[in-house]
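K.L.:
These protein sequence lines are chains U and P, in that order.
The first sequence runs 120 to 420 under this note's numbering.
The second sequence runs 37 to 333 under this note's numbering.
Don't be surprised by glycine CBs; every beta carbon is placed ideally from N, CA and C.
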Amino acid sequence: MIIILIFPLFLAGGISFTDYNLGNKSLEWIGLENYEKMFSRKTYVKMIWATATYVIVVVPISVVLGLCAAMLLNSLRFGADIYKTIFFLPVMATLLAMAIAWEFTLHPTLGIVNSFLANGCGGAREFIFGFHWLPWVDSQQSWYHVACANNMDFPYWLKQKNTAIWTICFIGIWQAFGFNMVLYLAGLTGIPRELYQAAEMDGAKSTWEQFKLVTWPMLGPTTLFVVTITTIRTFQVFDTIEILTKGGPSKTTYVMMYAIFEKAIQQNLTSIGAAITVVFIGFILILTFFQRYIIEKRVHY
Amino acid sequence: MQAKQYIGESWKHGILIIGAILVLLPFYMMVSMSLKSQQEIQSISGGLIGAQEVQTFPVCVKTGYSEETCTTKPYIYNYWFAFEKAPIPRYLMNGVIVTLSIFIIQVLVALPCAYALAKLRFYGREFVFSMVLFCLLIPVHGIALPLYVMLAQAGLVDTYSALILPWTISVFGIFLMRQFFMTVPDELIDAARMDGMGEYSIVWKVMLPTAIPALLAFAIFSVVAHWNDYFWPRMVITGNRDLFTPPLGIREFRGGIDSDEFGPMMASIVTVTVPLIVAFIIAQKRFIEGITLTGMK
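1) List the residues of chain U whose Cβ lies closer than 7 Å to the Cβ of Gly-178(P), in chain order.
2) Okay, do the segment 338-352 of chain U and the segment 291-310 of chain U touch, 3+ Cβ pairs below 8 Å being the bar?
3) Which runs of the alpha helix (DSSP H) fall wholly inside the segment 172-245 of chain U and span at least 4 residues, in chain order?
4) Can you round the beta-carbon distance between Ala-171(U) and Thr-372(U) to whole angstroms, since I take them to be within the 8 Å contact cut?
5) Let me see if you follow: with CB-CB separation under 8 Å, is Met-376(U) close to chain P or not?
6) Hey, is Tyr-373(U)'s beta-carbon within less than 8 Å of any beta-carbon in chain P?
7) Taking Phe-357(U) as the reference, which of Arg-270(P), Phe-117(P), Ala-255(P) and Lys-40(P) has the closest Cα?
8) Between which two residues does the alpha helix (DSSP H) holding Arg-126(P) run?
9) I'd like to know if the segment 249-262 of chain U and the segment 185-205 of chain U are in contact, where contact means that at least 3 CB-CB pairs between them fall below 8 Å.
10) List the residues of chain U that Val-59(P) touches, going by C-beta distances under 8 Å, in chain order.
11) Would you mind sorting Phe-409(U) into buried or exposed? The rule is 16 or more other CB atoms within 10 Å of its CB.
12) Considering only the alpha carbon of each residue, which of Met-186(P), Pro-282(P) and Val-242(P) lies closest to Asp-265(P)?
13) Lys-72(P) and Pro-125(P): beta carbons closer than 8 Å?
14) Could you list which residues in chain U have their beta carbon closer than 9 Å to that of Met-69(P), in chain order?
15) DSSP state of Gln-78(P), grouped into three classes?
16) Return yes when the Cβ of Val-174(U) is within less than 8 Å of the Cβ of Phe-354(U), no when it is not.
17) Can you tell me whether Ala-122(P) is buried or exposed? The criterion is at least 16 other CB atoms within 10 Å of its CB, across all chains shown.
18) In terms of DSSP beta bridges, what is Thr-107(P) paired with?
19) Using a Cβ cut-off of 8 Å, pull out every chain P residue sitting near Gly-392(U), in sequence order please.
20) Measure from the alpha carbon of Ser-137(P) to the alpha carbon of each residue in Phe-63(P), Leu-147(P) and Val-259(P), then state which is nearest.
21) With a threshold of 7 Å on Cβ separation, who are the neighbours of Gly-86(P) within its own chain once the five nearest residues in sequence on each side are excluded?
22) Quick one: does Tyr-315(U) have its CB under 8 Å from some CB of chain P?
23) Can you say whether Gly-392(U) is buried or exposed, counting buried as having 16 or more other CB atoms within 10 angstroms of its CB?
24) Taking its Cβ as the centre, do 16 or more other Cβ atoms sit within 10 Å of Gly-299(P), making it buried, or is it exposed?
25) Return the CA-CA distance between Ala-303(P) and Phe-117(P), expressed in angstroms with no decimal places.
26) Closest to Pro-336(U) by C-alpha separation, out of Met-320(U), Leu-314(U) and Asp-321(U), would be which residue?
27) Between Ile-384(U) and Ala-198(P), what straight-line distance do the alpha-carbon atoms span, to the nearest angstrom?
28) Taking Cβ positions only, does Val-301(U) come closer than 8 Å to chain P?
29) DSSP state of Asp-278(P), grouped into three classes?
30) Is the shortest distance between the beta-carbon of Thr-195(P) and the beta-carbons of chain U less than 8 Å?
31) For Glu-319(U), which residues of its own chain have a beta-carbon under 8 Å away from its beta-carbon, when the five flanking residues on both sides are left out?
32) Where do the N-terminal and C-terminal ends of the alpha helix (DSSP H) with Asn-269(U) fall, by residue?
33) Using a beta-carbon distance below 8 Å, is Tyr-113(P) in contact with chain U?
34) Within 10 Å of its beta-carbon, does Lys-321(P) have 16 or more other beta-carbons around it, so buried, or fewer, so exposed?
35) Against chain P, with Cβ distances strictly below 8 Å, would Phe-380(U) count as a contact?
36) Should Val-90(P) go down as buried or exposed, given a rule of 16 or more other Cβ atoms within 10 Å for buried?
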């Protein structure tokens, strides 16, 4: 029974490992040609670059934010449930819808963010967001001041080459950290109170020392799990890219899932799509085996 | 000591409130835009709900409706026009049909499989289970393209089957239920066998009731994932509006009205997002438990 059920999965895997030209009626063996194309063309180099940037930025930040939020909520006396609900909302909401909502929030002329920034020229907002409070920032040269001086020339966020990928990353973090927070909250409740008392007796008085001695090691398995699942999810980013940037401007947000979709479905180049798929699955499997390896080595007490 | 604690507590709240504002910002924008008129949206005025002045909407008149129908308050107009322009109830229905059928078939498949893996002794059981474990590692999105090719070959693109079939075998569901069934005592099953029950009726009459909590968690996980899924429907549904799931509907709306009017577009987005959010707020304990349980394995 199960063999029949799992069979399609394996067949699917099998197809992706051949490089036939699917879609056409005639099938032709072209060997490694697709892979050669993939590693020599600029587009695909940019694709790897965009995917790597996204994963490397989103995973650590959303995990750390999730952990911080969980620890903060855990130490609150009241109101923790409200924050928990709010921070979890992005996980539940349809990502596609929220992507469009973000698009308008960050819209250069209609968006609430840029109008908020424009109204703050010369005031406290310029001081805070222009980083004038940092000793090494010249208040006349800060990005905020320059934008105010140049007729409110604030970033176009999603439409601009040097900000698009970061904006997409921001939306990714916004969506992911609530999930991590909830997992960490569950992890935190599993730490016995006696351990903290024992740590205090051993001289770990400050919160930071207790965190280093008790919380962080005890959260080891949770962290490992959270990192793995977030990484796999971020690798699969698609919705925000498709609806907001279509891989642009100039391929700075051309991530793998979108590349597969564009090549295989829209341009009907199935074989190239399959080649990208294989590389994609390769990445994920390496990551997962790496995780298993760490589990066996480290997370035992 | 008391004062110090208060200070500590307030800066924590301060940070969390700033975080909450950032998290809620797009939700605010979404709701606000769905209530305001086009002029208010473009001039970024009117706060959350706008002035709600009765006015005639030019786009509506251009579309061919009478001036009377088109003269109303912005929030009524936005929602009315959104439903007029696109078959939103149809999209929502599709969403319900697809998510529910996926879930039901997943359960029909996963429960017997999990029972066999957990409680029956048969040749090759360990092998089959290791297969299940291996399949858990395969990213769903990764095999989307070969699946698409298979469906295309079978001529199933643009059908409900294309939306439902690939997800009916949830390896994850099998794994989750198997772990749960392992904890059910063997005596219970032996007793049922003594009473003359067949293996199938044991699955549905004995195992199912004990598995309700795990099943509920899995239901939440499955429904949330497939209601919000955009990638797969986008691949297999190419043009047939009758098959659009809610996210596809949103996409179409954005493409269609983009330059004219934002109010009705946002109204449609709110309509699609609301069901899950309301369900979440009503049963948030269950939701969070469900997601963490399935997350933590």
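P.N.:
The structure says:
1) Walking along the second sequence from the start, residue 178(P) turns up at place 142. Within 7 Å Cβ-Cβ: Thr-396, Phe-399, Ile-400 and Ile-403.
2) yes
3) 199-211, 214-224 and 231-238
4) In the first sequence, counting from the first residue as 1, residue 171(U) sits at position 52. In the first sequence, counting from the first residue as 1, residue 372(U) sits at position 253. Not confirmed; about 12 Å, so no contact.
5) To locate residue 376(U), count along the first sequence from 1; it is residue 257. Yes, contact with chain P.
6) In the first sequence, counting from the first residue as 1, residue 373(U) sits at position 254. No, Tyr-373(U) does not count as interfacial toward chain P.
7) Position 238 of the first sequence, counted from the first residue, corresponds to residue 357(U). The residue with the shortest Cα to Cα distance from Phe-357(U) is Arg-270(P).
8) On the second sequence, position 90 is the one that residue 126(P) refers to. 124-155 is the extent of the alpha helix (DSSP H) around Arg-126(P).
9) no
10) Position 23 of the second sequence, counting from 1, holds the residue named residue 59(P). Neighbours of Val-59(P) on chain U, chain order: Ile-205, Phe-206, Leu-208, Pro-209, Trp-293 and Gly-297.
11) Residue mapping note: residue 409(U) aligns to position 290 of the first sequence, counting from 1. Burial call: exposed.
12) Position 229 of the second sequence holds residue 265(P). Answer by Cα proximity: Pro-282(P).
13) Here residue 72(P) refers to the residue found at position 36 when the second sequence is read from its first residue. Here residue 125(P) refers to the residue found at position 89 when the second sequence is read from its first residue. Contact flag unset, no.
14) Here residue 69(P) is taken as the residue at index 33 of the second sequence, counted from 1. Neighbours of Met-69(P) on chain U, chain order: Ala-220, Phe-223 and Leu-229.
15) Start at 1 with the first residue of the second sequence, and residue 78(P) comes out as number 42. In the structure shown, Gln-78(P) sits in a helix (DSSP, three-state: H, G or I).
16) One-based indexing of the first sequence puts residue 354(U) at position 235. One-based indexing of the first sequence puts residue 174(U) at position 55. Contact: yes.
17) The count along the second sequence starts at 1 and reaches residue 122(P) at position 86. Per the 10 Å Cβ criterion, buried.
18) If you number the second sequence from 1, residue 107(P) lands on position 71. DSSP output for Thr-107(P) lists Thr-92(P) as bridge partner(s).
19) Working through the first sequence from its first residue, we reach residue 392(U) at position 273. What Gly-392(U) touches in chain P: Leu-181.
20) For the purposes of this step, residue 137(P) is identified with residue 101 of the second sequence, where counting begins at 1. Comparing Cα-Cα distances from Ser-137(P) to each of Phe-63(P), Leu-147(P) and Val-259(P), the minimum goes to Val-259(P).
21) By one-based count along the second sequence, residue 86(P) stands at place 50. Result list for Gly-86(P): Leu-71, Lys-72, Ser-73, Glu-76 and Pro-110, in chain order.
22) Numbered from 1 along the first sequence, position 196 holds the residue referred to as residue 315(U). Cβ-Cβ to chain P under 8 Å: no for Tyr-315(U).
23) As a first step, residue 392(U) must be located in the first sequence, where it is residue number 273. The residue in question, Gly-392(U), is buried, as its Cβ has 16 or more Cβ neighbours within 10 Å.
24) Walking along the second sequence from the start, residue 299(P) turns up at place 263. The residue is buried, with at least 16 neighbouring Cβ atoms inside 10 Å.
25) The residue you call residue 303(P) lines up with position 267 of the second sequence. The residue you call residue 117(P) lines up with position 81 of the second sequence. The straight-line gap from Cα to Cα measures roughly 9 Å.
26) Here residue 336(U) refers to the residue found at position 217 of the first sequence. Ranking Met-320(U), Leu-314(U) and Asp-321(U) by Cα distance to Pro-336(U) puts Leu-314(U) first.
27) Residue 384(U) sits at position 265 when you count from the first residue of the first sequence. Residue 198(P) sits at position 162 when you count from the first residue of the second sequence. Near 15 Å, if we compare the C-alpha coordinates of Ala-198(P) and Ile-384(U).
28) Residue mapping note: residue 301(U) aligns to position 182 of the first sequence, counting from 1. Yes, its Cβ sits closer than 8 Å to a Cβ of chain P.
29) Start at 1 with the first residue of the second sequence, and residue 278(P) comes out as number 242. Three-state result, Asp-278(P): helix.
30) The sequence position of residue 195(P) within the second sequence is 159, counting from 1. No, Thr-195(P) does not count as interfacial toward chain U.
31) Position 200 of the first sequence holds residue 319(U). Around Glu-319(U): Gln-329.
32) Residue mapping note: residue 269(U) aligns to position 150 of the first sequence, counting from 1. Per DSSP, Asn-269(U) belongs to no alpha helix (DSSP H) and is neither H nor E.
33) As a working mapping, residue 113(P) is identified with position 77 in the second sequence. Cβ-Cβ to chain U under 8 Å: no for Tyr-113(P).
34) Counting from 1 along the second sequence, the entry for residue 321(P) is found at position 285. Lys-321(P) should be labelled exposed.
35) As a first step, residue 380(U) must be located in the first sequence, where it is residue number 261. Taking Cβ atoms only, chain P reaches closer than 8 Å to Phe-380(U), which makes this a yes.
36) Taking the first residue of the second sequence as position 1, residue 90(P) is located at position 54. Exposed, because fewer than 16 other Cβ atoms sit within 10 Å of the Cβ of Val-90(P).
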